[in-house]
Structure formats: C-alpha cells, structure tokens
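In the numbering used here, the protein residues as written are 1464 to 1576.
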C-alpha cells in the first residue's frame, strides 16, 4: 500500500468496509452452511489464512475497520463464540499494530531509512 497512489487507496477502502459489513450480516447463514458440511475448524483452508493476512496488511497501513474485517473473516471461519472470536481479533490487531509501529517509526531526523 505504500507504493500505491492515494487515489487507489481511497477507492479500495470503501470496498473493504462494504465486504466486511456484508460478511458480518451474512455470518449466521454462512456459519450454518459451514456446519452443514461438517468441516472441522482446523480445515478452514488457505483462503481464510490469506484473508486474515490481507486484513493484517491492510490494518497495518490503515487501521480503520480492521477489527470489523477481522471479526467478519474469523466469525465465518471459526466455530467459536463471538467472545472468543473477538478475543482472537484483539490479539491479532495488537500484533498487527505492534509490527506496523515498528515499521513506521521514523529514523532520527524524521526521515525513513
């Protein structure tokens, strides 16, 4: 995201927020579908891993709606309660923000190396 122009970022953010909203609204239906297929939580697949990673990259650059997006992805992928999913979301968001803080700390003199 650091190499994209600001206009691209402004166009992408509303799309991510809209996708997160749709996933949260559809979460009960999606959970029923996943349960009907009798998948175990450990078999959620690479798609969820990539979705969580993508939310981490997005959240590290621009934190707005990071929590909502993580809740949407994790809520659909994991058969846990909202409380447990929210706790995992908090841990992941904390890790993302910690890494982003280290990456974006300016060097002495206010310039990035």
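Glycine included, each C-beta is placed from N, C-alpha and C at the ideal position.
N-terminal and C-terminal residue of the alpha helix (DSSP H) that residue i is part of
i: residue 1510; result: 1509 to 1524
i: residue 1541; result: That residue, residue 1541, is in no alpha helix (DSSP H); it is neither H nor E in DSSP.
8 angstroms Cβ cutoff met for residue i and residue j
i: residue 1414; j: residue 1475; result: Only positions 1464 to 1576 of the chain appear in this structure, which leaves residue 1414 out of reach.
i: residue 1533; j: residue 1518; result: yes
i: residue 1536; j: residue 1550; result: no
Supposed contact pair residue j and residue i - C-beta distance, whole angstroms, cut 8 angstroms
i: residue 1541; j: residue 1548; result: 6 angstroms
i: residue 1568; j: residue 1528; result: Rounded, the Cβ-Cβ distance is 24 angstroms, inconsistent with contact.
i: residue 1553; j: residue 1526; result: So it is not a contact: roughly 13 angstroms between Cβ atoms.
Where residue i falls, given that 16 or more other Cβ within 10 Å makes a residue buried
i: residue 1523; result: buried
i: residue 1483; result: buried
Proximity to residue i [Cα-Cα], best of the options
i: residue 1556; options: 1467, 1516 and 1546; result: 1516
i: residue 1543; options: 1558, 1564 and 1494; result: 1494
i: residue 1562; options: 1546, 1521 and 1545; result: 1521
Interface flag, residue i vs chain D, CB-CB below 8 angstroms
i: residue 1531; result: Within the model displayed, chain D is absent; a lone protein chain is all it includes.
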